[in-house]
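I have placed the structure first, in the form of structure tokens, so that the comments after it can refer back to it.
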Amino acid sequence: MTKDRRWVPSCATCESDRRCRRTDDVCAVSRSACQMDALAVYEDPQVLEMARVAAQVEATGYERWDRATETIEFAHRMGYGRVGLAFCLRLSDEASAYHRRLEREGFDVVSAMCKAGAVPKESILGLREDEKIRPGLPEAMCNPIAQARLLADAEVDLNIVMGLCVGHDTLFLQHSRGPVTVLIAKDRVFDHKPVEGLRREADAAE
Ligand code: SF4
0 MTKDRRWVPS
10 CATCESDRRC
20 RRTDDVCAVS
30 RSACQMDALA
40 VYEDPQVLEM
50 ARVAAQVEAT
60 GYERWDRATE
70 TIEFAHRMGY
80 GRVGLAFCLR
90 LSDEASAYHR
100 RLEREGFDVV
110 SAMCKAGAVP
120 KESILGLRED
130 EKIRPGLPEA
140 MCNPIAQARL
150 LADAEVDLNI
160 VMGLCVGHDT
170 LFLQHSRGPV
180 TVLIAKDRVF
190 DHKPVEGLRR
200 EADAAE
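Numbering of the sequence shown is given in numbering that gives the first Met the number 0, commencing with residue 0 and proceeding in unit increments.
The following block contains the structure:
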């Protein structure tokens, strides 16, 4: 379906030197952002608390705390007791280490791996052998909806995504219950640092 493009924001190609960051709201996008009902949502005390804590964590550990530490600080300051890890098989070691670190920090930790359910790719997904990563071998499908449900049933206060694939993360985000944060974005080429690939593109375009 063709979408209306008469007026859509395009901050990524900003021609105003991104002046909004200095509380200068001269541009149409900023004015629109203030006029719509987005600001009214912050009147919800829970939303306001999360937004305030996020800003405080950002400022307190600015360029000193890595993301894993920021996540822990955020969870502490939000008063979360139980946290859930939705992790990828390929990041099992990292998930295991973070699980233990969270426990040392006093959290009750729940974790669910992407292959939970052990469902063959050829069953529900109907994949052919040549559509598998290693044709001829048994391969379980990634099951982000089960991950989301397992963590929701465990009543986690915060869902933490660790390296789910593109699309699988989308399903997890769609089907999870409660707050979600992404600790690791899967990128098999750039060691899970997708920004590296984008920086190369940006450098090449200069
Ligand atoms: S809100 Fe306006 S000033 Fe800020 S990045 Fe977007 S276009 Fe640029």
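Note that the Cβ used here is the ideal one computed from N, Cα and C, for glycine as well.
Fair warning: this is a prediction, and the values are worked out from it, not measured in the lab.
Burial state of Gly162 is buried, judged by a 10 Å Cβ sphere holding 16 or more other Cβ atoms. For Arg81, there is no enclosing alpha helix (DSSP H); the residue is part of the beta strand (DSSP E) that begins and ends at 81-86.
Residues Glu72 of the same chain have their beta carbon placed closer than 8 Å to that of Thr59, with the five preceding and five following residues left out of the count. By the C-beta criterion, the segment 119-134 is judged not to be in contact with the segment 92-109, since fewer than 3 inter-stretch pairs fall below 8 Å. Contact between the segment 149-166 and the segment 105-112 is present: 3 or more CB-CB pairs across the two stretches fall below 8 Å. For ligand 1, no non-hydrogen atom lies closer than 7 Å to the CB of Cys33. Under the rule that a run must span 4 or more residues, the alpha helix (DSSP H) segments found entirely inside the segment 81-120 read 91-103. Counting along the chain, Thr180 sits inside the beta strand (DSSP E) bounded by residues 179-183. In this structure, the alpha-carbon of Ser29 lies about 13 Å from that of Glu14. Per DSSP, Leu126 is not a residue of any beta strand (DSSP E), being assigned neither H nor E.
Of the residues assessed, Pro44 falls on the exposed side of the cut-off, its CB having fewer than 16 other CB atoms within 10 angstroms.
Note that the segment 46-57 does not touch the segment 18-35; fewer than 3 beta-carbon pairs, one per stretch, sit closer than 8 Å. The shortest CA-to-CA distance from Phe106 to any of Ile144, Ser91, Glu138, Ile159 is the one to Ile159. Setting aside the 5 residues that flank it on each side, Glu195 is surrounded in the same chain by Phe189, each with a C-beta closer than 6 Å to its C-beta; the list follows chain order.
Your pair Ala153 and Ala115 does not check out as a contact, with CB atoms roughly 12 Å apart and the cut at 8 Å.
Between ligand 1 and the CB of Val7, the shortest heavy atom gap is not smaller than 7 Å. Counting of Cβ neighbours within 10 angstroms places Thr1 among the exposed residues, the total staying below 16.
Pro134 has its alpha-carbon roughly 16 Å from the corresponding atom of Val118. When DSSP reads this structure, Ala54 sits in no beta bridge, so it has no partner. Distance from the CA of Tyr41 to the CA of Glu57, rounded to the nearest whole angstrom, comes to 18 Å. Remark: C-beta atoms of Val155 and Val82 approach each other more closely than 8 Å. Cys164 and Lys192 do not touch by the CB rule: their CB atoms are close to 16 Å apart, not below 8 Å.
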